[in-house]
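Peer 1: Input: one structure, supplied below.
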Amino acid sequence: MKKIFVAAFVVFAAVFCGNIFAAEDLELKSQAAVLIEADSGRVLWEKNSESPMAMASTTKIMTAVYTIEHADLNETVTVSKNAAAQPRVKLFLSEGEEARLKDLLYALMLKSSNDAAVAIAEHISGSSEEFCRAMTEEAKKIGARDTVFETPNGLDSGDHHSTASDMALITRYALKNETFREIIKTPSYSFETNKRSYSLTNADRLLTEYQGAVGVKTGYTGKAGHCFVGAAEREGMTLISVVLASGWGAAGKANKWADTKKLLDYGFDNYKTEDIVTEGETAAEFHILNGDKERAGAVFAEGMKLPLKEGEKAEIKIENIEIEAPVYKGDIVGKAEVYISGALHGKIDLISAESVERHTFKYILEKIYNKWLEMTF
0 MKKIFVAAFV VFAAVFCGNI FAAEDLELKS QAAVLIEADS GRVLWEKNSE SPMAMASTTK
60 IMTAVYTIEH ADLNETVTVS KNAAAQPRVK LFLSEGEEAR LKDLLYALML KSSNDAAVAI
120 AEHISGSSEE FCRAMTEEAK KIGARDTVFE TPNGLDSGDH HSTASDMALI TRYALKNETF
180 REIIKTPSYS FETNKRSYSL TNADRLLTEY QGAVGVKTGY TGKAGHCFVG AAEREGMTLI
240 SVVLASGWGA AGKANKWADT KKLLDYGFDN YKTEDIVTEG ETAAEFHILN GDKERAGAVF
300 AEGMKLPLKE GEKAEIKIEN IEIEAPVYKG DIVGKAEVYI SGALHGKIDL ISAESVERHT
360 FKYILEKIYN KWLEMTF
């Protein structure tokens, strides 16, 4: 196929009113932070979001979603001596204790149990080290660019680190999993093992202190300081916030919650999700060479919604395309590029809305000949 491109633009503008305040007015105590919109992945605010940092028990977000996707949650886990010996925060599991894998996931995410994390890792991969190698590779597949897991529970060790940006991306991926979402929003949970019963209360204050909160995970170590990855949903828009190294002691803990709420407030007050295009919407016409018609319609292969703030524009650059026949309904014939304030955000495939047969003398003769062969034999 031969394609000739000529630039064309379709412009969409966001028009709405909110409690607007400028991004530069947003001051956080955390050393690194980021706010993204979950559906589009668009970064709405950031501070040192690409800096490698210890991330404490926010690690358990990846531990949980990896486990959900790679194991039968009804399997029975036998706790090892190593798992039982993990430092607080812990369930105080004992060596030889047997628990259902799903129950340990609730302990992992609601109470941040370090012993549950190691028991899970050893059950799935044979060792924490192997489990962490698998998690690191999985994070790369998701799109993380600077994340290395060396512990499944987030305790400080060697090169164990991530970035605010990567943690937001990992959380965005995890939130697409319904089992993960169900676990993190659960206020309390009880279960029994072969030795005793447990009652858990979710330690995530955001669930009770912020309208529309979804979760997800708090964290603290001596190296990382206080950290939190949060998510909230309002009016169909889900925001994900990450704050790393909010400080140490009581002040750091207070900063963690205050910074998270500031980030989420900024996003909800300043951005509104707009339909940029819808799936199947007519995008353009394209010219066809050697076809039985000269032009055909192209439609967007998928829809796109984006969070935009007042006065912001989403521009769609659609190429005028020239395609050589034949072309069939559903064929990809080009791409639309979506720009926000001049920066490329993403691309959408354009597909043909109809089929167009090739129309040359040679092609017509070949069709007649093939038809005659069918009738003859």
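The sequence shown maps to residues 0 to 376 in numbering that gives the first Met the number 0. Every residue, glycine too, gets a C-beta built ideally from N, C-alpha and C. Just so we're clear, the structure is a prediction, and the values are computed from it rather than from any experiment.
1) In this structure, what does DSSP give as the bridge partners for F285?
2) Helix, strand or coil for S111? Go by DSSP, reduced to three states.
3) Comparing C-alpha positions only, which one of M374, A257, G218 sits nearest to L27?
4) What residue from L103, G224, A84 has the CA that sits closest to L71's CA?
5) Tell me which residues share the same chain as G211 and place their Cβ nearer than 7 angstroms to its Cβ, disregarding the 5 neighbours each side in the sequence.
6) Does the beta carbon of T192 sit closer than 9 angstroms to a beta carbon anywhere in chain D?
7) With contact counted as at least three CB pairs below 8 angstroms, one residue from each stretch, are the region 218 to 227 and the region 125 to 141 in contact?
8) So what does DSSP say about E121, is it helix, strand or coil?
9) Work out the CA separation of E273 and T200 for me, nearest whole Å.
10) Helix, strand or coil for W247? Go by DSSP, reduced to three states.
11) Let me confirm a value: I169 is counted as buried when at least 16 other C-beta atoms fall within 10 Å, else exposed. Which label applies?
12) Please specify which runs of the alpha helix (DSSP H), each continuous and at least 4 residues long, are wholly inside the region 164 to 210, giving them in chain order.
13) Mark K271 as exposed unless 16 or more other C-beta atoms lie within 10 angstroms of its C-beta, in which case mark it buried.
14) Helix, strand or coil for F227? Go by DSSP, reduced to three states.
15) Should I239 and E68 be called a contact, given that it needs their Cβ atoms to be closer than 9 angstroms?
16) Under three-state DSSP, which class holds S240?
17) Per DSSP, which one or two residues make a beta bridge with T77?
18) Grab me the residues of E149's own chain with a C-beta within less than 7 angstroms of its C-beta, minus the 5 sequence neighbours each way, in chain order.
19) Quick one: what does DSSP say G266 is sitting in, helix, strand or coil?
20) From K184 to F285, what distance separates their C-alpha atoms?
21) Please classify I367 as buried or exposed, where buried requires at least 16 neighbouring CB atoms within 10 angstroms.
22) Measure the CB-CB distance between S161 and T62 and report whether it falls below 9 angstroms.
23) According to DSSP, what are the bridge partners of E36?
24) Which residues in the same chain have their Cβ closer than 8 angstroms to the Cβ of E45, if we skip the five residues on either side of it in sequence?
25) Quick check on R132: does DSSP put it in helix, strand or coil?
26) Pick helix, strand or coil for H160, following the three-state DSSP scheme.
Peer 2: Reading it off the structure:
1) For the purposes of this step, residue 285 is taken as the residue at position 286 of the sequence shown. Answer by DSSP bridge pairing, in chain order: A295.
2) On the sequence shown, position 112 is the one that residue 111 refers to. Coil, per DSSP.
3) As a first step, residue 27 is located in the sequence shown; it is residue number 28 there, counting from the start. That would be A257, whose Cα lies nearest to the Cα of L27.
4) By 1-based counting over the sequence shown, the position of residue 71 is 72. A small fix is needed here, since residue 71 is Asp in this sequence, not Leu. Checked all of L103, G224, A84; the closest Cα to D71 is L103.
5) Within the sequence shown, numbered from 1, the residue matching residue 211 stands at position 212. Excluding sequence neighbours, G211 sits near A231, E232, R233.
6) The structure shown contains no chain D; it is built from a single protein chain.
7) no
8) Within the sequence shown, the letter at position 122 stands for residue 121. In the structure shown, E121 sits in a helix (DSSP, three-state: H, G or I).
9) Here residue 200 corresponds to residue number 201 of the sequence shown, with the count starting at 1. Here residue 273 corresponds to residue number 274 of the sequence shown, with the count starting at 1. Answer to the nearest angstrom: the Cα atoms are 37 angstroms apart.
10) Within the sequence shown, residue 247 is the residue found at index 248, counting from 1. Coil at W247, not helix or strand.
11) Working through the sequence shown from its first residue, we reach residue 169 at position 170. That one is buried.
12) 177 to 183, 205 to 208
13) Counted from its first residue, the sequence shown places residue 271 at position 272. With 16 or more other CB atoms across the displayed protein chains lying within 10 angstroms of its CB, K271 is buried.
14) Position 228 of the sequence shown, counted from the start, is the residue given in the question as residue 227. The answer is strand: DSSP assigns F227 an E or B state.
15) Residue numbering aside, residue 239 sits at position 240 when the sequence shown is read from its first letter. Residue numbering aside, residue 68 sits at position 69 when the sequence shown is read from its first letter. Going by C-beta atoms, I239 is not nearer than 9 angstroms to E68.
16) Taking the first residue of the sequence shown as 1, we reach residue 240 at position 241. Of the three classes helix, strand and coil, the one that applies to S240 here is strand, per DSSP.
17) On the sequence shown, position 78 is the one that residue 77 refers to. Note: T77 sits in a beta bridge opposite E97.
18) Position 150 of the sequence shown holds residue 149. If we look at E149 and ignore the five residues flanking it on each side, its Cβ neighbours are C131, S156, G157, D158, H159.
19) For the purposes of this step, residue 266 is taken as the residue at position 267 of the sequence shown. Helix at G266.
20) Within the sequence shown, residue 184 is the residue found at index 185, counting from 1. Within the sequence shown, residue 285 is the residue found at index 286, counting from 1. When rounded, the distance between both Cα atoms is 48 angstroms.
21) On the sequence shown, position 368 is the one that residue 367 refers to. Around the C-beta of I367, fewer than 16 other C-beta atoms lie within 10 Å, and the residue is accordingly described as exposed.
22) Residue numbering aside, residue 161 sits at position 162 when the sequence shown is read from its first letter. Residue numbering aside, residue 62 sits at position 63 when the sequence shown is read from its first letter. Going by C-beta atoms, S161 is not nearer than 9 angstroms to T62.
23) Taking the first residue of the sequence shown as 1, we reach residue 36 at position 37. Per DSSP, L238.
24) On the sequence shown, residue 45 is found 46 positions in, with the first residue counted as 1. Excluding sequence neighbours, E45 sits near A32, V33, L34, A163, S164.
25) The sequence position of residue 132 within the sequence shown is 133, counting from 1. Three-state result, R132: helix.
26) On the sequence shown, residue 160 is found 161 positions in, with the first residue counted as 1. Of the three classes helix, strand and coil, the one that applies to H160 here is strand, per DSSP.
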